[in-house]
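**Q** Chains as they are written, first to last, in the working numbering: chain A, 11 to 310; chain B, 142 to 399.
Let me begin by handing over the structure; questions about it come next.
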């Protein structure tokens, strides 16, 4: 896959990269083919989840209020306590976990629904944010870097697929689908929108959302009770982390005033500075300090 | 690969700023990521030490097959923990078998990236871009940390640390690496290993029993995915090709035989 993007003759002031539209189309098409294969296994997992949900509902309706406290406790367990600083140390982590998992099955299921609804609310916001970004001329317009534009477009689509998958999982567990954005993060986005006057702030905002999503799903993977919901979330967390990697690399090149290096080609790597080789994966272990609380985006 | 002509002034600024940024990120990693991982590992090892049933630890042979199947049948041993100071020679089962497999994959990655560095130093890969050298060095370090994390739990359970690479993959990796003559070839091989590691961790999340084990696997899988994204970029490929990662390339527990 060589020479997908090619650099044309340009003045030093110009940052626009000449694109071979046919090659880029082939690249994305190939990516889509691979994606569709992956979707098949995800669909199978969701089918399992639906079956599980049917069984769960046979034992009674889910009570969102009853599970909210459980969700909050679990969220603390899997983010603040375990990963953040051992708040449960005095009480005994093992004992607390055993007590938690001794909760009735319906409460666990309802808590899973809230976790999934929060995940869906993050995806709603991500889709909306990329959609807005793509209306900006320097992200989705003629003056945009081709790779950045392709990334924003493809990533928006991937988040829409994540949203659909989370909502299907929620339905499978007998809950209400989420179509609203995470209320806390939405305020962050709203505050940032007026400042989106160049690629840098857009990338910074996207990075914040993607990092929050990835960390939330890492925490959720340990917090979820339902096996299939866990599988689904685990299949998404790494993808968000990859979005983070791309955005970190793009951000670094923008900050270094080298946007012309944001290209996809086998020869581009030779031009990258040494530090670009590690900027995309700063943590050997993915943190969860920015994970959103499990019930933050739950449907009331 | 040879360097293209570039503007030295612009790149000098890039090097400096990116280096500063990388140092900042490394500091964040040390402040946030590592303490979090230590907490999860400590929780796990505490659980191992206090488990009277020894449900994480067993002496039976691993039946084989996929991770999930092996784990579901291998965690009911009656063997009890004798304390962290005693080294056991028995085979590992349950979560510890998964940990051993993960460690062996990490060891394989560390060895492979080490071979790449050696080959690069000997000039066998042609001109190695600075970013690739940094990538290999940093990723090798992270895989070393992953192996150490898993081994800390294995050793805490009274077993010997896993120091060998995945035996089932070694012949293939050696054979493939012998054919590598440039950076792209090395990147392709590395991408295969990262895909396998990520898929195995994703599979492990569903296979392990202890929540703390899930946390450890879940904190590493996204990092392997990030390595893969950068390798795609190095190869000129779209860096996030899938909306959902898969377990297709996950390795079975039978790869690790104690």
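Positions of the beta carbon are idealized from the N, C-alpha and C atoms, including for glycine.
Any beta-carbon of chain A closer than 8 Å to the one on residue 339 of chain B?
**A** It does: the Cβ of residue 339 of chain B has a partner Cβ on chain A nearer than 8 Å.
**Q** Compare the C-alpha of residue 321 of chain B against each of B:305, B:250, B:277, B:257 and name the closest.
**A** Checking every option, the nearest Cα to that of residue 321 of chain B belongs to B:257.
**Q** Would you please verify whether the beta carbon of residue 329 of chain B is less than 8 Å from any beta carbon of chain A?
**A** No, no contact with chain A.
**Q** Does the distance from the CB of residue 122 of chain A to the CB of residue 262 of chain A come in under 8 Å?
**A** Contact flag unset, no.
**Q** Report the option in A:134, A:209, A:166, A:199 whose CA atom is closest to the CA atom of residue 176 of chain A.
**A** Nearest of A:134, A:209, A:166, A:199 to residue 176 of chain A, Cα basis: A:134.
**Q** Which runs of the alpha helix (DSSP H) spanning at least 4 residues fall entirely within the region 215-301 of chain A, listed in chain order?
**A** Whole alpha helix (DSSP H) segments, 4+ residues: 237-265.
**Q** According to DSSP, is residue 321 of chain B part of a helix, a strand, or is it coil?
**A** Coil at residue 321 of chain B, not helix or strand.
**Q** Counting only beta-carbon separations shorter than 8 Å, does residue 275 of chain A have a partner in chain B?
**A** Output row for residue 275 of chain A: interface = yes.
**Q** Under 7 Å Cβ to Cβ from residue 273 of chain B, same chain only, skipping five residues before and after it: list those, please.
**A** So the list reads 324, 375, once near-sequence residues are dropped.
**Q** Leaving out five residues before and five after residue 355 of chain B in sequence, what residues of the same chain have Cβ atoms less than 7 Å from its Cβ?
**A** Only 346, 349 meet the Cβ criterion.
**Q** List the residues of chain B that residue 147 of chain A touches, going by C-beta distances under 7 Å, in chain order.
**A** What residue 147 of chain A touches in chain B: nothing, since even the nearest Cβ is about 23 Å away.
**Q** Would DSSP call residue 378 of chain B helix, strand or coil?
**A** Of the three classes helix, strand and coil, the one that applies to residue 378 of chain B here is coil, per DSSP.
**Q** For a contact defined as C-beta to C-beta under 8 Å, what are the partners of residue 226 of chain A on chain D?
**A** This model lacks chain D altogether, as its protein chains are A and B.
**Q** Report the three-state DSSP secondary structure of residue 265 of chain B (helix, strand or coil).
**A** Looking at residue 265 of chain B - three-state DSSP - the assignment turns out to be coil, as it is neither helix nor strand.
**Q** Going by other Cβ atoms of all chains shown within 10 Å of its Cβ, with 16 needed for buried, is residue 207 of chain A buried or exposed?
**A** Exposed, by the Cβ-count rule.
**Q** Here's the rule: buried if 16 or more other CB atoms are within 10 angstroms of the residue's CB, otherwise exposed. What is residue 278 of chain A?
**A** The residue is buried, with at least 16 neighbouring Cβ atoms inside 10 Å.
**Q** Taking 8 Å as the threshold (beta carbon to beta carbon), is residue 210 of chain A in contact with chain B?
**A** Residue 210 of chain A does not count as touching chain B.
**Q** If residue 303 of chain B and residue 292 of chain B are in contact, beta carbons under 8 Å, what's the gap, nearest whole angstrom?
**A** Rounded, the Cβ-Cβ distance is 6 Å, consistent with contact.
**Q** Applying the 10 Å Cβ sphere with the 16-neighbour rule, what's the burial state of residue 232 of chain B?
**A** With 16 or more Cβ atoms within 10 Å of its Cβ, residue 232 of chain B is classed as buried.
**Q** Out of curiosity, what's the CA-to-CA distance linking residue 293 of chain A and residue 359 of chain B?
**A** Approximately 13 Å between the Cα atoms of the pair.
**Q** Of all the options B:253, B:337, B:365, which has the alpha carbon lying nearest to the alpha carbon of residue 392 of chain B?
**A** Residue B:337 is the option with its Cα nearest to residue 392 of chain B.
**Q** Output, in chain order, the set of chain A residues within a Cβ distance shorter than 9 Å of residue 350 of chain B.
**A** Near residue 350 of chain B there are no residues of chain A at all, since even the closest Cβ is about 12 Å away, more than 9 Å.
**Q** Where does residue 397 of chain B fall in DSSP's three states?
**A** The answer is coil: DSSP assigns residue 397 of chain B none of H, G, I, E or B.
**Q** Please state whether the Cβ-Cβ distance between residue 250 of chain A and residue 280 of chain A is less than 8 Å.
**A** For residue 250 of chain A and residue 280 of chain A, no; Cβs fall outside 8 Å.
**Q** Could you check whether the Cβ of residue 371 of chain B sits closer than 8 Å to any Cβ belonging to chain A?
**A** Residue 371 of chain B counts as touching chain A.
**Q** Expressed to the nearest angstrom, what Euclidean distance is found between the alpha-carbon atoms of residue 282 of chain B and residue 244 of chain A?
**A** When rounded, the distance between both Cα atoms is 24 Å.
**Q** Could you check which residue in B:288, B:275, B:390 has the C-alpha nearest to that of residue 247 of chain B?
**A** Checked all of B:288, B:275, B:390; the closest Cα to residue 247 of chain B is B:288.
**Q** Considering just the uninterrupted stretch of the alpha helix (DSSP H) at residue 351 of chain B, what are its terminal residues?
**A** Run containing residue 351 of chain B: none; DSSP gives neither H nor E here.
**Q** Is residue 206 of chain A helix, strand or coil when you go by DSSP?
**A** It is coil, neither helix nor strand.
**Q** Indicate whether the contact test is met: 3 or more Cβ pairs, each with one atom in the region 225-235 of chain A and one in the region 137-149 of chain A, closer than 8 Å.
**A** Because the criterion of three Cβ pairs below 8 Å is not met, the region 225-235 of chain A and the region 137-149 of chain A do not touch.
**Q** In chain B, what lies closer than 8 Å to residue 247 of chain A by C-beta?
**A** Those are 359, 362, 363, listed as they occur along chain B.
**Q** Counting only the same chain and skipping the five closest in sequence on each side, list residues whose C-beta sits under 6 Å from that of residue 397 of chain B.
**A** Here the set comprises 241, 242, 245.
**Q** Buried or exposed: which applies to residue 159 of chain A, given that a residue is buried once 16 or more other Cβ atoms fall within 10 Å of its Cβ?
**A** Flag for residue 159 of chain A reads buried.
**Q** With 8 Å set as the bound, which would you pick, yes or no: does the beta-carbon of residue 282 of chain A sit closer than that to a beta-carbon of chain B?
**A** Chain B, which has a Cβ nearer than 8 Å to the Cβ of residue 282 of chain A, makes this yes.
**Q** Which value, in whole angstroms, describes the spacing of the CA atoms of residue 252 of chain A and residue 297 of chain B?
**A** Each residue's alpha carbon lies about 33 Å from the other.
**Q** Out of curiosity, what's the CA-to-CA distance linking residue 239 of chain B and residue 266 of chain A?
**A** Taking the straight line joining both Cα atoms gives about 42 Å.
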